[in-house]
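K.L.:
In the working numbering, the protein residues as written are 510 to 664. The following block contains the structure, expressed as structure tokens.
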Amino acid sequence: MKRVRPLTTAVVLAATLVGTGIWWVFFRGPSSAECAPVRELLSFNKTEIDKLNAKTHVPEAGSYEAATDPGELDYRAWVDGLTDRAAKVTAPELAGQASDMAGTAARLVRARLDFDAQSKRTAPGAAMPAVAMVVTAFNDEFEAQVRQLAKTCPE
């Protein structure tokens, strides 16, 4: 059996402690208590998106049914709820992300309402209003922020 020197044991032990300390400080991620308000924010978002989608109806081609969309109050309620819940996120590494997500949702709703107003004034068969690209960009940004928060604080 090979004999290990005490100095080698001390060096390996010290390296292990330093490595564990570095991992603990930089890579452990937020605690469960820090993630609870984020999970509430994400849960509220999913519930409200489902409600907004339930109010959306696109009729089939050739149908005489009317298309329906959520109203301005529905969108405002969603954004207000996101903003309230984002304000409850207090962990420094999560608060900025949650606030950015709520801010992007507010910009998305403003762009969507502009799009709806411009679409009503657009002639049938004409090109979509330019703000449609803005709505798409804000929606993509919002979805990326939701995915990032969900990745940081998985359920």
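Beta carbons: idealized from backbone N, C-alpha and C, even for Gly. Bear in mind the structure is a predicted one, so any value in this text is a computation, not a measurement.
Enumerated in chain order, which unbroken segments of the beta strand (DSSP E) with a length of 3 residues or greater are wholly contained in the segment 574-652?
P.N.:
Listed in chain order, there is nothing to give.
K.L.:
Under the assumption that V644 contacts L617 (Cβ atoms under 8 Å), give the Cβ distance between them as a whole number of angstroms.
P.N.:
As a first step, residue 644 must be located in the sequence shown, where it is residue number 135. As a first step, residue 617 must be located in the sequence shown, where it is residue number 108. With a Cβ gap of about 7 Å, V644 and L617 count as contacting.
K.L.:
Can you check which of these residues, M610, D625, P546, is closest to N648 by C-alpha distance?
P.N.:
Taking the first residue of the sequence shown as 1, we reach residue 648 at position 139. Answer by Cα proximity: M610.
K.L.:
Considering only residues of the segment 538-567, which uninterrupted alpha helix (DSSP H) runs meet the minimum length of 4 residues and lie entirely inside it, listed in chain order?
P.N.:
Fully enclosed alpha helix (DSSP H) runs of 4 or longer: 541-563.
K.L.:
Sorted by chain position, which residues of the same chain lie with C-beta nearer than 7 Å to E549's C-beta, five sequence neighbours on each side aside?
P.N.:
Position 40 of the sequence shown holds residue 549. The answer, listed in chain order, is R594.
K.L.:
Please report the Cβ distance between D578 and T565, rounded to the nearest whole angstrom; I am assuming they are in contact, meaning their Cβ atoms lie under 8 Å.
P.N.:
Within the sequence shown, residue 578 is the residue found at index 69, counting from 1. Within the sequence shown, residue 565 is the residue found at index 56, counting from 1. Confirmed, Cβ separation roughly 6 Å.
K.L.:
Is there contact here, the segment 617-628 with the segment 554-561, by at least three beta-carbon pairs under 8 Å?
P.N.:
Contact between the segment 617-628 and the segment 554-561 is absent, because fewer than three Cβ pairs lie under 8 Å.
K.L.:
Below 7 Å between beta carbons: does that hold for E581 and L622?
P.N.:
Counted from its first residue, the sequence shown places residue 581 at position 72. Counted from its first residue, the sequence shown places residue 622 at position 113. Closer than 7 Å, so yes.
K.L.:
Rounded to the nearest angstrom, how far is the Cβ of Q654 from that of T613, given a contact under 8 Å?
P.N.:
Here residue 654 corresponds to residue number 145 of the sequence shown, with the count starting at 1. Here residue 613 corresponds to residue number 104 of the sequence shown, with the count starting at 1. Correct: roughly 6 Å between the Cβ atoms.
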